[in-house]
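Enquirer:
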Amino acid sequence: MTFNPADPKDFASTVLWLEDQKIRHYSIEEREQLRNVDDPAAWEVSYLQYCADLNMPLLETRQEQLAWILSHAVRLEFLDDPGQFAHINSKQGADKGNAKQAQKKVQTIFDGQINVQDKVFVEGVRQLASQLNVPHHPNHLLQLEAVARIVNERLSPAAKGRKPIVGTPFPFDKGNDVVSSGDAALDLPMRILRLLQIQSLRQLQTHINETIVAVQNLTANPKTDTKLGKVGR
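7 is the number of the first residue of the sequence shown in the working numbering; add one for each residue after it.
1) Does DSSP classify Leu32 as helix, strand or coil?
2) Within 10 Å of its beta-carbon, does Gln149 have 16 or more other beta-carbons around it, so buried, or fewer, so exposed?
3) Return the CA-CA distance between Pro177 and Glu35, expressed in angstroms with no decimal places.
4) Using a Cβ cut-off of 8 Å (strictly closer), state whether Asp86 contacts chain C.
5) Would you identify the three-state DSSP class for Glu66, choosing helix, strand or coil?
6) Would you kindly work out how many angstroms separate the C-alpha atoms of Gln205 and Trp49, rounded to a whole number?
7) Exposed or buried, which one is Ala154 when buried takes at least 16 other CB atoms within 10 Å?
8) Considering Arg160, what are the terminal residues of the alpha helix (DSSP H) in which it resides?
9) With contact counted as at least three CB pairs below 8 Å, one residue from each stretch, are the stretch 54-66 and the stretch 79-94 in contact?
10) Roughly how many angstroms lie between the CA atoms of Lys125 and Gly173, to the nearest whole one?
11) May I have the straight-line CA-CA distance separating Gln209 from Ala58, to the nearest angstrom?
12) Using 8 Å for Cβ pairs, my map puts Ala131 next to Ile156. What's the rounded Cβ distance?
13) Indicate the three-state DSSP secondary structure (helix, strand or coil) for Asn215 in the structure shown.
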């Protein structure tokens with residue numbers, strides 16, 4: 007028996023199984039609407055409500071939605087009992103000490119005051135990312151990095167006095183400078199990565215210029231103590 011995510015019944019049955027066995031966001035009675043897998047219209051209505059109740063971000067395809075539900079189920083399974091996964095390590099035959107050491111490092115981020123794998127912390131990151139229109143990512147720590155970057159670039163005290171960027175956005179998706187001629191789907195992300203690299207280089211150049219100015223200000227106005235001077239022997 008094979009699973010076909012494009013088949014409505016297979017998709018509905020998988021979502022129902024994940025809710026029944028792993029997620030358990032609804033009570034048993036509330037799951038009855040999700041059991042209408044043979045009635046696509048009725049199930050679709052209950053599924054949309056289920057997605058809203060899970061605070062699922064806006065995703066376009068069923069594959070993306072299923073991937074999000076699966077990652078959500080895995081995260082909840084881990085948070086229920088992290089200890090049972092302590093022996094898992096990326097290296098074959100690694101001892102449990104390495105896993106405990108890795109888990110300890112995760113929990114001591116922010117000087118040990120916050121456990122970044124805590125359910126409340128994860129949900130807080132998701133809500134903050136949603137308010138700032140940060141796209142969803144299965145790893146909430148990567149989302150947190152994106153949130154921090156937006157806050158630093160747009161909401162920090164230094165950013166408040168910065169002049170807003172005006173003008174027509176650069177049409178990087180319509181230029182003639184094709185990056186990957188063999189694959190149109192690969193060309194767009196390659197263009198985006200190239201622009202991000204250019205932005206990083208400009209920021210580096212800005213920091214270099216600021217360092218040069220600071221050094222010049224220091225060397226152009228040296229402070230000397232003439233009392234220490236001595237003439238002759």
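Glycine residues also receive a C-beta, built at the ideal position from the N, C-alpha and C atoms.
Expert: According to the data block:
1) If you number the sequence shown from 1, residue 32 lands on position 26. In the sequence as displayed, the identity of residue 32 is Tyr instead of Leu. Coil, per DSSP.
2) As a first step, residue 149 is located in the sequence shown; it is residue number 143 there, counting from the start. Classification for Gln149: buried.
3) On the sequence shown, position 171 is the one that residue 177 refers to. On the sequence shown, position 29 is the one that residue 35 refers to. Roughly 52 Å separates the two Cα atoms.
4) Given the protein chain composition of this structure (a single chain), no chain C is represented.
5) Walking along the sequence shown from the start, residue 66 turns up at place 60. The answer is coil: DSSP assigns Glu66 none of H, G, I, E or B.
6) Along the sequence shown, read from residue 1 onward, the residue named residue 205 stands at position 199. Along the sequence shown, read from residue 1 onward, the residue named residue 49 stands at position 43. Their backbone Cα atoms lie some 46 Å apart in a straight line.
7) Within the sequence shown, numbered from 1, the residue matching residue 154 stands at position 148. By the neighbour-count definition (other C-beta atoms within 10 Å, threshold 16), Ala154 is an exposed residue.
8) Mapped onto the sequence shown, residue 160 falls at position 154. No alpha helix (DSSP H) contains Arg160, which DSSP labels as neither H nor E.
9) no
10) To locate residue 125, count along the sequence shown from 1; it is residue 119. To locate residue 173, count along the sequence shown from 1; it is residue 167. The alpha-carbon atoms of Lys125 and Gly173 are separated by roughly 42 Å.
11) Within the sequence shown, the letter at position 203 stands for residue 209. Within the sequence shown, the letter at position 52 stands for residue 58. One C-alpha to the other measures close to 40 Å.
12) Position 125 of the sequence shown holds residue 131. Position 150 of the sequence shown holds residue 156. The displayed chain sequence assigns Val, not Ala, to residue 131. That pair is no contact at about 13 Å.
13) As a position in the sequence shown, residue 215 is number 209, starting the count at 1. Three-state DSSP puts Asn215 in a helix.
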